[in-house]
Amino acid sequence: MGLNIVAKETRCHGAIVGSLMNEADILASPRAWRIKWQYAGPIIVVHVAALLACLPWFFSWTGVVLAILGLYVFGTLGMNIGYHRLLTHRGFTCPKWMERASAILGVCCAEESPTVWVTWHRQHHHEADKEPDPHSPLTSFLWGHLGWLMIKNDNSNTASAVRRYSKDLLKDPFYVWLEKSDNWFKVVTISWAAFFVAGFVSVNLTGGTTADAIQFGLSLLVWGVAVRTVAVWHITWSVNSITHLWGYRNYDTPDNSRNNIFVGIIANGEGWHNNHHADPRSARHGLDWREPDITWLTIRALMALGLARDVALPSPRLAAALKSRKLRNIEGPRQRAQSIDA
Ligand SMILES: [Zn+2]
Ligand SMILES: [Zn+2]
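All residue numbers for the sequence shown refer to this note's numbering, where the first residue is 284 and numbers rise by one.
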């Protein structure tokens, strides 16, 4: 038997969920230590690189500013808008160049290719907190956060899942090219190297020494790439883990999704996750001023510029349910139909 799920029916907030193996079962499994080094390796290396930020030699204010700007440019424009609300849920349409540009920003976050990421996420919505969910934290917090990425399990074997969940992306030669020969990872590597090269060249051109150029280039690599990438990873992983464990629920969805204030803030709107599971296609996750959603404000700006069209807004039916504060058992039909038929 593979390192998959021992289905145990547990009742959770009125919904039946099939829980994954608990952590002790996972670690006792004979296949438990089949580490997925293609993910575990880069995850460890980039975390170690980010820790170099503790050493003053790697510091530069430019690096810090690039890290902060990068959280928005790569995290919000790339992951939240590109990978999540646009490619996965098709919450709006935009010119092809913009869709591809946002996808490339997402690629630079090194969270897998668009095709695989979209597959995992559509699978998550389709089977959230049930047996085939790739990353339910009902197994354990750590499993939902990053264990599922690092230890082999049947739920993230993706070849057949990609064909099932990402038919639309497989029709686009751009996403097929990114997938082929791991070209997406070559893009990641080039984007990371560009930070070092930019820092090195800028010091050289202004008359600095080679040692100064190397120090500045490395400061941009450590802060502008490693610190930012680790932050974006943990923000994404927190949506998978924290917002399926802790927070409040506006809707009685058949999963354990929550609106979590902490993740809502740090993830620029992605933490209003119960709202999102209730209405996955909606491009707006935070429903009022108490649920700030910078990603949605960005999409609104794109609408004003004529770049975002056919924007999926929160369902009036759900808005009415929320207004009357009646929890509704929401099945998320729009997402189910979209995720499988796409
Ligand atoms: Zn979720
Ligand atoms: Zn989603």
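Beta carbons are placed, not taken as given, at the ideal position from N, Cα and C, and that holds for glycine.
In this text, all values refer to a predicted model and were calculated from it rather than measured experimentally.
Which of the three DSSP states is assigned to residue i in this structure?
i, result
"Trp555", "strand"
"Arg592", "strand"
"Tyr458", "helix"
"Ser542", "One detail in the question is off: residue 542 reads as Asn in this sequence, not Ser. In this structure, Asn542 counts as strand in the three-state DSSP scheme."
"Thr376", "strand"
"Tyr534", "coil"
"Gly358", "helix"
"Glu382", "helix"
"Arg564", "coil"
"Gly547", "helix"
"Asp576", "coil"
"Asp465", "helix"
"Asn487", "helix"
"Arg317", "coil"
"Asp495", "helix"
"Pro597", "coil"
"Phe342", "coil"
Across which residues does DSSP place residue i in a beta bridge pair?
i, result
"Tyr322", "For Tyr322, which the question treats as bridged, DSSP gives no partner whatsoever."
Quick check: what's the CA-CA separation for residue i versus residue j?
i, j, result
"Asn542", "Leu601", "15 Å"
"Asp416", "Trp403", "8 Å"
"Trp506", "Ala604", "45 Å"
"Val413", "Gln406", "Contrary to the premise, residue 413 reads as Lys rather than Val in this sequence. Whole-angstrom Cα-Cα distance: 10 Å."
"Val328", "Trp529", "30 Å"
"Val459", "Pro339", "42 Å"
"Ser302", "Glu553", "With a pLDDT of 38 at Ser302, under the threshold of 50, the predicted position of this residue should be treated as unreliable, though the coordinate-derived value follows. Taking the straight line joining both Cα atoms gives about 24 Å."
"Cys377", "Thr359", "16 Å"
"Asn539", "Asn363", "21 Å"
"Trp426", "Asp571", "32 Å"
"Cys337", "Ala514", "15 Å"
"Arg595", "Pro537", "The sequence shown places Ala at residue 595, not Arg. So the alpha carbons of these two residues sit roughly 22 Å apart."
"Ile548", "Gly490", "42 Å"
"Pro563", "Asp576", "15 Å"
"Asn487", "Val348", "21 Å"
"Glu462", "Val399", "8 Å"
"Ala566", "Trp579", "7 Å"
"Ser464", "Ala332", "26 Å"
"Arg368", "His428", "20 Å"
"Ala584", "Thr493", "43 Å"
What whole-angstrom Cβ distance do residue i and residue j have, given they're in contact under 8 Å?
i, j, result
"Phe483", "Ala496", "5 Å"
"Arg317", "Lys435", "4 Å"
"Cys391", "Ser474", "4 Å"
"His527", "Ser419", "7 Å"
For residue i, would you say it is in contact with chain B, using Cβ-to-Cβ distances shorter than 8 Å as the test?
i, result
"Tyr448", "In the displayed structure, chain B is absent; only one protein chain is listed."
**Every unbroken alpha helix (DSSP H) within the region 387-452, with a cutoff of 4 residues, ordered by chain** = 397-409 and 442-448
**Those runs of the alpha helix (DSSP H) which lie wholly inside the region 503-528 and span at least 4 residues** = 511-524
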